[in-house]
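Numbering (the numbering used here), first residue to last: 233 to 683. Glycine included, C-beta positions come from ideal geometry on N, C-alpha and C.
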């Protein structure tokens, strides 16, 4: 599947090992800057506005168990290839706090223009505001409607007005309840809103609002927040990334080349160090049917070393059938083929070699963050593997009464025909006309001697 040789990749972006280093630069007491954590090392500017009282993952008491690999926004957006400046806002509405916020905002915008910031265009910046999500004390219900209240703080409307005085701001994302979003003026840059509850609101035609009904508050994307929801957070992040890429003209990376480079090091060169160098600081791999892989750099390195890179048969082949490239995903359909001449514990754990040749339809969903992989979700039909190895019988016991209430006669048992196929599943994925469809519709229960 590594169709693009390493020699054709841009060496400055895709081959040169660059240490992963999340070390924010302190601008002032409430402002920190992180340069892009990519091999490219430069990118558009992104301003984060965050309540100071949000303590992050470190402030949570999870019994010593890390809840998620998802990093805090300052690191996550730097991994996406942005120059990120975060402004922490104190939860107080005094004139002194307002003035301090204005000064911090000016310092943050100035930081993008410094020569060390590596910001490709300091005159076109994106903003993510989470200013008042943590002040929500509701929802409470008044006359059947959800109403959100807030402690005294710098309001979002006031923040937007202040941002509008800076012409550098070209796009804004708010994690906020829609009921609290003011009607944006025509002069406001394009706006995207992520909200946990729907609410009537007069947005402009080109503004975008996404509702996440299964979340509890607008803090659902923050890994250190009590209401963090990883699934919704992933969806919101991809939507936000696409929004910024369009309006900030990047950062754009060749996701196919990055993925092909990774698979070349995995299956071609079989080099664990090079493979891991294509990934973010804390990546993970999950093989869905067998729940094998590794969570985090240390565990994944051990998995690749002890169970994967050197564990695949010599004739292993990946035959690409289709590829879909999105904002931050590469989704492949491919045929994974090999001769089962050794124990392949990540794929069929505990099964000795059968020396059978196997062809398996695979699907991979690969999340690329910036110019490095964050995760791989790999799935296949385990039943077709067992069928091709001769380890899955054609019929298995059916231990339940039939829909009409009938049970087996004395000394008999019901069996069902196992609804799976062998190598023809791979053949039909390649050529839709090669295997007749729907032949399993004829499968039926049978009654046999119970021996």
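In its own chain, which residues sit with a C-beta less than 8 angstroms from the C-beta of residue i, not counting the 5 before and 5 after it?
i, result
"residue 235", "Since pLDDT at residue 235 reaches only 40, below the 50 mark, its modelled position is unreliable, and no value is offered."
"residue 682", "640, 643, 644, 645"
Taking all protein chains shown into account, do 16 or more other C-beta atoms lie within 10 angstroms of the C-beta of residue i, making it buried, or fewer, making it exposed?
i, result
"residue 673", "exposed"
"residue 445", "exposed"
"residue 426", "buried"
"residue 567", "buried"
"residue 442", "exposed"
"residue 662", "exposed"
"residue 669", "exposed"
"residue 546", "exposed"
"residue 489", "buried"
"residue 572", "buried"
"residue 336", "buried"
"residue 505", "exposed"
"residue 664", "exposed"
"residue 540", "buried"
"residue 454", "buried"
"residue 203", "Residue 203 is absent from the model: the chain starts at 233 and stops at 683."
"residue 564", "buried"
"residue 634", "exposed"
"residue 582", "exposed"
"residue 452", "buried"
"residue 485", "buried"
"residue 476", "buried"
Which same chain residues, not among the five before or five after residue i, have their C-beta less than 6 angstroms away from its C-beta?
i, result
"residue 657", "593, 616"
"residue 518", "525, 609"
"residue 254", "307"
"residue 514", "301, 528, 529"
"residue 310", "266, 268, 269, 316"
"residue 194", "Residue 194 lies beyond the residue range present for the chain, which begins at 233 and ends at 683; the question has no answer from this structure."
"residue 404", "359, 421, 423"
"residue 244", "Confidence is the limiting factor: at residue 244 the pLDDT is only 37, short of 50, which leaves the residue's position unreliable, though a coordinate-based value still follows. Answer for residue 244: no residue qualifies."
"residue 322", "284, 329"
"residue 376", "Below a pLDDT of 50, predicted positions are generally treated as unreliable, and residue 376, at 33, falls in that range; no measurement from the model is reported."
"residue 497", "503, 506, 507"
"residue 555", "564"
"residue 264", "256, 258, 318"
"residue 434", "415"
Check each candidate in the options and name the one with the smallest Cα separation from residue i.
i, options, result
"residue 622", "655, 536, 406, 574", "655"
"residue 529", "606, 597, 561", "606"
"residue 620", "587, 609, 639", "587"
"residue 608", "532, 257, 458", "532"
"residue 570", "406, 470, 499, 505", "499"
"residue 402", "408, 448, 443, 360", "360"
"residue 578", "547, 556, 534", "534"
"residue 627", "638, 669, 677, 633", "677"
"residue 521", "646, 613, 582", "613"
"residue 261", "274, 332, 275, 299", "332"
"residue 279", "484, 523, 356, 328", "356"
"residue 400", "407, 453, 338, 671", "338"
"residue 559", "502, 467, 652, 496", "467"
"residue 561", "483, 398, 447, 487", "487"
"residue 671", "565, 653, 320", "653"
"residue 390", "633, 407, 334, 550", "334"
"residue 464", "407, 440, 479, 501", "407"
"residue 538", "502, 476, 675", "502"
"residue 601", "679, 512, 634, 632", "512"
"residue 536", "516, 554, 555, 550", "516"
"residue 611", "630, 629, 580", "580"
"residue 550", "299, 596, 478", "596"
Can you list, in chain order, the residues of its chain with a C-beta nearer than 7 angstroms to that of residue i? Leave out the 5 residues immediately preceding and following it.
i, result
"residue 667", "656, 659, 660"
"residue 494", "507, 510, 605"
"residue 419", "396"
"residue 557", "487, 488"
"residue 680", "644, 645, 647"
"residue 675", "649, 651"
"residue 398", "341"
I think residue i touches residue j, with their Cβ atoms under 8 angstroms apart; what is that distance to the nearest whole Å?
i, j, result
"residue 313", "residue 268", "5 angstroms"
"residue 363", "residue 281", "5 angstroms"
"residue 625", "residue 590", "Actually they are not in contact, since the Cβ atoms of residue 625 and residue 590 sit about 18 angstroms apart, beyond 8 angstroms."
"residue 584", "residue 575", "6 angstroms"
"residue 436", "residue 416", "6 angstroms"
"residue 447", "residue 461", "5 angstroms"
"residue 482", "residue 275", "7 angstroms"
Measuring only from the beta carbon, is residue i closer than 7 angstroms to any heavy atom that is part of the ligand GDP?
i, result
"residue 348", "In the structure on display, the ligand GDP does not appear, and there are no ligands present to speak of."
Task: Runs of beta strand (DSSP E) wholly within the region 534-562 (minimum 3 residues, chain order) - done: Correct list: 549-557.
Open item on the list: Threshold first: 4 residues or longer. Then list the alpha helix (DSSP H) segments lying entirely within the region 303-366, N to C.
Closed with: Annotation note: the region 303-366 contains the following uninterrupted alpha helix (DSSP H) runs of length 4 or greater, listed N- to C-terminal: 305-311, 327-343.
- [ ] Just list the alpha helix (DSSP H) runs in the region 386-452, keeping only unbroken ones of 4 residues or longer that don't cross its boundaries, in chain order.
- [x] 388-396, all fully within the region 386-452.
Task: Sequence ranges, beta strand (DSSP E) only - wholly within the region 610-658, length at least 3 - done: Fully enclosed beta strand (DSSP E) runs of 3 or longer: 627-629, 644-649.
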